[in-house]
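Numbering (the numbering used here), first residue to last: 866 to 976.
Ideal Cβ positions, reconstructed from N, Cα and C, are used throughout, including at glycine.
Values in this document were obtained by computation on a predicted structure and should not be read as measured data.
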Amino acid sequence: MAQQPIPFWAYLIIGTGVTVTSLIVDMQTESDKLKLFVYIGIIFFAVGIIKLLFNLIFNRGSINIAPKVKVEKKLIQQNQQKTSVTVACPRCKVKLHPKFKFCPNCGLKLN
Ligand SMILES: [Zn+2]
């Protein structure tokens, strides 16, 4: 399995958290040491918003890229089906990969 991408809400939570925390700390200490973190938080928040918008667009399927992605997924599924095809051993009926030369269960020589 491919690694799951970071969901948009994680960016929103991190962005909001970092921004608010930095602002509060800066206000309390009457400094702007954490100003950089405020900007980082805003960037995270913006990325979250962009991801959210992308999600909405893809889910509606109103963009041309969406059907292409579906076709690619279908191809991947077909490939997976091809590689997961099994044959049964003629003697012990155990399921085998078609490329096996011998049955690992009973030792029968295969084609
Ligand atoms: Zn066998």
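Would you identify the three-state DSSP class for residue i, choosing helix, strand or coil?
| i | result |
| --- | --- |
| Phe965 | coil |
| Val952 | strand |
| Lys938 | helix |
| Lys916 | helix |
| Lys960 | strand |
| Lys900 | helix |
Return yes when the Cβ of residue j is within less than 8 Å of the Cβ of residue i, no when it is not.
| i | j | result |
| --- | --- | --- |
| Phe923 | Gly880 | no |
| Val832 | Leu961 | As displayed, the chain neither begins before 866 nor continues past 976, which places residue 832 out of reach and without an answer. |
I think residue i touches residue j, with their Cβ atoms under 8 Å apart; what is that distance to the nearest whole Å?
| i | j | result |
| --- | --- | --- |
| Asn970 | Cys957 | 5 Å |
| Thr884 | Ile907 | 6 Å |
Give the single residue among the options whose Cα lies nearest to the Cα of residue i.
| i | options | result |
| --- | --- | --- |
| Gly882 | Ser896, Tyr904, Gln893 and Thr951 | Tyr904 |
| Gly913 | Cys968, Gln943, Lys960 and Ala875 | Ala875 |
In whole angstroms, what is the alpha-carbon distance linking residue i and residue j?
| i | j | result |
| --- | --- | --- |
| Lys938 | Gln869 | 16 Å |
| Ile915 | Lys966 | 52 Å |
| Val890 | Lys900 | 10 Å |
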